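Engineer: Residue numbers (my numbering), protein chains in the order written: chain A, -8 to 364; chain B, 599 to 1207. Glycine included, each C-beta is placed from N, C-alpha and C at the ideal position. Computed from a prediction, not measured in an experiment: that's the story for all the values here.
(1) Can you tell which of A:238, A:156, A:66, A:310 has its C-alpha closest to the C-alpha of residue 113 of chain A?
(2) Check for me: the beta strand (DSSP E) holding residue 190 of chain A runs from which residue to which?
(3) Taking the DSSP output, what are the residues bridged to residue 1057 of chain B?
(4) For the beta strand (DSSP E) containing residue 839 of chain B, name the first residue and the last one.
(5) List the residues that DSSP assigns as beta-bridge partners of residue 677 of chain B.
(6) Taking only runs of the alpha helix (DSSP H) that begin and end inside the region 225 to 309 of chain A, which ones reach a length of at least 4 residues, in chain order?
(7) In whole angstroms, give me the CA-to-CA distance for residue 960 of chain B and residue 929 of chain B.
(8) Do residue 289 of chain A and residue 361 of chain A have their C-beta atoms closer together than 8 Å?
(9) Which whole-angstrom value is the C-beta distance of residue 802 of chain B and residue 715 of chain B, which I expect to be below 8 Å?
(10) Please give me, in chain order, every unbroken run of the beta strand (DSSP E) with length at least 3 that falls completely inside the region 895 to 941 of chain B.
(11) For residue 756 of chain B, tell me which candidate among B:877, B:923, B:937 has the shortest Cα-Cα distance.
(12) What separation, rounded to the nearest whole angstrom, lies between the Cα atoms of residue 1038 of chain B and residue 1009 of chain B?
(13) Taking the continuous alpha helix (DSSP H) assigned at residue 1097 of chain B, which residues delimit it?
(14) So which residues of chain B does residue 296 of chain A contact, with C-beta pairs closer than 9 Å?
(15) Tell me the residue span of the alpha helix (DSSP H) that contains residue 860 of chain B.
(16) Run through DSSP, which three-state label would residue 344 of chain A get?
(17) Could you check the C-alpha separation between residue 607 of chain B and residue 174 of chain A for me, to the nearest Å?
(18) Considering only the alpha carbon of each residue, which of B:751, B:912, B:753 lies closest to residue 1175 of chain B?
(19) With 7 Å as the C-beta to C-beta threshold (strictly closer), list the residues of the region 744 to 756 of chain B near chain A in chain order.
(20) By the criterion of Cβ-Cβ separation under 7 Å, what are the contact partners of residue 637 of chain B in chain A?
(21) Who are the neighbours of residue 174 of chain A on chain B, taking C-beta pairs under 8 Å?
(22) Quick one, are the C-beta atoms of residue 1067 of chain B and residue 1058 of chain B less than 8 Å apart?
(23) With a threshold of 8 Å between beta carbons, is residue 310 of chain A in contact with chain B?
(24) Since residue 794 of chain B is in the alpha helix (DSSP H), which residue starts that stretch and which ends it?
(25) Taking contact to mean at least 3 C-beta pairs separated by less than 8 Å, is the region 611 to 621 of chain B in contact with the region 137 to 150 of chain A?
(26) Is the beta carbon of residue 322 of chain A less than 8 Å from the beta carbon of residue 54 of chain A?
(27) If you run the structure through DSSP and keep just helix, strand and coil, what is residue 617 of chain B?
(28) Residue 792 of chain B to residue 1183 of chain B, Cα distance in whole Å?
(29) Check residue 1150 of chain B in the structure and name its three-state DSSP category.
(30) Of all the options B:1170, B:1136, B:914, which has the alpha carbon lying nearest to the alpha carbon of residue 1034 of chain B?
(31) So what does DSSP say about residue 202 of chain A, is it helix, strand or coil?
(32) List the residues that DSSP assigns as beta-bridge partners of residue 959 of chain B.
(33) With a threshold of 16 other CB atoms inside 10 Å of the CB of residue 954 of chain B, please say whether the residue is buried or exposed.
(34) Mind the definition here: the region 71 to 88 of chain A touches the region 312 to 327 of chain A only if three or more C-beta pairs lie below 8 Å; say whether that holds.
(35) If we call anything under 8 Å between Cβ atoms a contact, is residue 868 of chain B one with residue 858 of chain B?
(36) Assign residue 1131 of chain B to one of three DSSP states: helix, strand, or coil.
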């Protein structure tokens, strides 16, 4: 395996070393996104499709670039990346631009960043690095549990305060999943579930009214058919009216007609399902399953705990976004404002998933890399 | 060390497999949900989606215009800027209405009423808040549209009547079509009176409709399907706007009417009833005060007196009595009666309008001087049956069938009629007063014009009409010819000629000459109030000293030119005083214009060009 340590690697060899299954699945999903943005834009490349395409090109380039970073450097800088993003989150708290009622962007002048999106990667990196140096006997010891819990809760609380409950919950769930895969005793998870349920009333009181409404309406959309429940009802009508084979690409009516808010971002699947129907929806889900499957395959080949947990953690993160988004638009989860990976419009979101997949490709290229200890 | 790492890897693999299985399970849940939505419930959601996005909208078509014989608009269409509100979209109705109020002024009462209407009507139906708002308010509303949800400033149609009151009784007016059973309105207007009402169906045309896709707030996004309607058909009338104007000028401030028509074809050139109203005001929605003023006016401006006003024909009926007598062979034209100013029958005194008496007069002279005694005697000799029979030939007691609703038939009494209506036998004394067109006889100005047209054209079937017909048969044929001997008609014509053109005739003051053409006709003065014997003793009170409503009705029916009649005009002025003093001069003015304009030839000119 001296292949990887050879300094003069040709471009051809570099490309050949990449996991093309993952890249192709990623690009396919991204292009599906472009196609739907085109449809949502009224069969027009403006205002969304061409920008999504442009960003997709940039994202793929970033992905391949990240894939070529030595894994060792990534391992070394994991905590630094985490710290920088945490500071950025604090920055959002202090100077964040408010958009749609939530402070999620950090305006750096030339680019608006959404650190909460990037933070999922930062947290996975930090946790993976932490567990690289923990012996399996110590994993469930309280002392070794303190650091990961802080690593998870610190960004989660900041994201929650933006306020972005959805992203905060996904951050916590991703982190806890890594703890689970790292081998933390099952009893802790059962205990946490009990504690979580017990603290529900307390958390409920601290939720913003619109968050409470979203959850209440989730359980009973008819409660407010023209208000908070409206989006869910309209989205279900959109998906349901698509039927088996859909209304045809570009011929969706329900979802393009402003019945839905954020139709090009969070509710993009509604348009997709309406226009391409049940079969089209199954195909999209199959693509996501294929992508996640290909990522899990990577974990089988790598040797370090850092590599395994990094890849698996990122996979969990991608899965959670796919699942929560689809469940949300189908009326199975509250409207929490989670994009559909690679498909939804949005620069930070697309870039974040590209970075995540880039990191996975990076691990895949260097399965036996000596990352030091 | 190696063992530890393997254990860590094994642990990870087991846990990762659990995670993967869980994820697959969750994906299975999503697929299940998808199947529920897109397969099991698909039909239901498809229906919901259809409801959500498709609206049926009527496409109003232009209402047909009403044109005079030369194509001049009597009723046309104009733009009307109006503002509507859909309560469903507006959300807070009160708030939106208050904002709107800052742009278009609205009285407190109108505001409350509008609010009530908005709350009562179906939420998805646009309610008209105000119309005729003007260009400025229209553009301001469009400008402030983002702050006025559910409010639409739209360009609608407005009915326009260029002649205003002059054509009011012919064209009538329209009203906004009210929604019925919550269904959207298909046409903007519906005819409420006059030809607008009578011709409503053909003027409306066939409204089209379109299926439109709307977004969540009801704005139209695109059109799915459009079925164009058929524009309403224009209606061309026989009316000559200039004649109509002349008739109104002649009527002045009187309460009365003028009918001018073609003697041969029955084409109505002018149909004027005064006072009139402005249909432009009524069509846009007249205020209650003005409306009740119109309703309560004793000059009855809303009534079309030419066809709905019934008056005793008075002396204008004498031609009928004369013809009945001649045709029945009771007397000949040279039959004379000595008028002493009073006629006694059955112990009752019947007075002549000339209390001194006319002396010895023949039939034509009696018509010229309108001697009452001569016709008291003649009527009695002829009998009510023959008079009634003759009167029917000329259309008395029968609707003329003009294309307007509300026409009255008048009354031509007979023995049967008396029995049916009064359950009493006919009295000979009633025949006497029928001889001078009083008593039970009632006729409309349109009937008098028709009578005269049939008489001078010698055509039995002449009927007045307002709509231009494809073929106007001007050549008389055997079947439609009046079955009255020419020499008998000539007696009547002679009398009417003398009445106007011979010194001493009742309408001598209204004689005229246009390019050597002159007019003939018959006056009539009808008592409204019974004159008692005491009043006769002390001298009859002059008409202009009586209160308006007790004064005599003034009547004149004329034709011209005398030798080859083309036109007839009838006029009745309510409480005008006397036929010779008021009605004849009015007909004189209109006839003068008619002979100058010569509408019958004018239309031919238009056809040629």
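Structural biologist: The relevant details are as follows:
(1) For the purposes of this step, residue 113 of chain A is taken as residue 122 along the first chain, with counting starting at 1. Nearest of A:238, A:156, A:66, A:310 to residue 113 of chain A, Cα basis: A:66.
(2) Within the first chain, the letter at position 199 stands for residue 190 of chain A. Per DSSP, residue 190 of chain A belongs to no beta strand (DSSP E); it is in the alpha helix (DSSP H), 177 to 197.
(3) By 1-based counting over the second chain, the position of residue 1057 of chain B is 459. B:1079, per the DSSP bridge assignment.
(4) Reading the second chain from its first residue, position 241 is the one you call residue 839 of chain B. Careful: residue 839 of chain B lies outside any beta strand (DSSP E), inside the alpha helix (DSSP H) at 839 to 849.
(5) Locating residue 677 of chain B in the second chain gives position 79, where the first residue counts as 1. Per DSSP, B:755.
(6) 259 to 292
(7) Taking the first residue of the second chain as position 1, residue 960 of chain B is located at position 362. Taking the first residue of the second chain as position 1, residue 929 of chain B is located at position 331. One C-alpha to the other measures close to 11 Å.
(8) Within the first chain, numbered from 1, the residue matching residue 289 of chain A stands at position 298. Within the first chain, numbered from 1, the residue matching residue 361 of chain A stands at position 370. No.
(9) Taking the second chain and counting its residues from 1, one reaches residue 802 of chain B at position 204. Taking the second chain and counting its residues from 1, one reaches residue 715 of chain B at position 117. Not a contact, Cβ separation roughly 25 Å.
(10) 935 to 937
(11) Along the second chain, read from residue 1 onward, the residue named residue 756 of chain B stands at position 158. Per the Cα distances, B:877.
(12) One-based indexing of the second chain puts residue 1038 of chain B at position 440. One-based indexing of the second chain puts residue 1009 of chain B at position 411. Their backbone Cα atoms lie some 7 Å apart in a straight line.
(13) Your numbering for residue 1097 of chain B matches position 499 in the second chain. Element bounds for residue 1097 of chain B: 1084 to 1099.
(14) Here residue 296 of chain A corresponds to residue number 305 of the first chain, with the count starting at 1. Correct list: 603, 606, 607, 610.
(15) Position 262 of the second chain holds residue 860 of chain B. Run containing residue 860 of chain B: none in the alpha helix (DSSP H); it sits in the beta strand (DSSP E), 854 to 860.
(16) Taking the first chain and counting its residues from 1, one reaches residue 344 of chain A at position 353. Helix, per DSSP.
(17) Working through the second chain from its first residue, we reach residue 607 of chain B at position 9. Working through the first chain from its first residue, we reach residue 174 of chain A at position 183. Cα to Cα, the separation comes out at about 10 Å.
(18) Against the second chain, residue 1175 of chain B aligns to sequence position 577. Checked all of B:751, B:912, B:753; the closest Cα to residue 1175 of chain B is B:912.
(19) none
(20) Within the second chain, the letter at position 39 stands for residue 637 of chain B. Those are 235, 269, listed as they occur along chain A.
(21) By one-based count along the first chain, residue 174 of chain A stands at place 183. The contacting residues are 606, 609, 610, 613.
(22) Stepping through the second chain from its first residue, residue 1067 of chain B is reached at position 469. Stepping through the second chain from its first residue, residue 1058 of chain B is reached at position 460. Going by C-beta atoms, residue 1067 of chain B is not nearer than 8 Å to residue 1058 of chain B.
(23) Position 319 of the first chain, counting from 1, holds the residue named residue 310 of chain A. Chain B, which has a Cβ nearer than 8 Å to the Cβ of residue 310 of chain A, makes this yes.
(24) Numbered from its first residue, the second chain carries residue 794 of chain B at position 196. From DSSP, the alpha helix (DSSP H) with residue 794 of chain B extends over 792 to 796.
(25) no
(26) Counted from its first residue, the first chain places residue 322 of chain A at position 331. Counted from its first residue, the first chain places residue 54 of chain A at position 63. Against a cut-off of 8 Å, the Cβ pair of residue 54 of chain A and residue 322 of chain A comes out as no contact.
(27) Stepping through the second chain from its first residue, residue 617 of chain B is reached at position 19. Reduced to three states, the DSSP call for residue 617 of chain B is helix.
(28) Position 194 of the second chain holds residue 792 of chain B. Position 585 of the second chain holds residue 1183 of chain B. If I take the Cα positions, the gap works out to 28 Å.
(29) As a first step, residue 1150 of chain B is located in the second chain; it is residue number 552 there, counting from the start. Residue state, collapsed to three classes: coil.
(30) As a position in the second chain, residue 1034 of chain B is number 436, starting the count at 1. Of the candidates B:1170, B:1136, B:914, the one whose C-alpha sits nearest the C-alpha of residue 1034 of chain B is B:914.
(31) Numbered from its first residue, the first chain carries residue 202 of chain A at position 211. Here residue 202 of chain A sits in helix by DSSP.
(32) The residue you call residue 959 of chain B lines up with position 361 of the second chain. Partner(s): B:935.
(33) Mapped onto the second chain, residue 954 of chain B falls at position 356. Label assigned to residue 954 of chain B: exposed.
(34) no
(35) Counting from 1 along the second chain, the entry for residue 868 of chain B is found at position 270. Counting from 1 along the second chain, the entry for residue 858 of chain B is found at position 260. Yes, Cβ-Cβ distance for residue 868 of chain B and residue 858 of chain B is below 8 Å.
(36) Numbered from its first residue, the second chain carries residue 1131 of chain B at position 533. Residue 1131 of chain B: helix per DSSP, three-state reduction.
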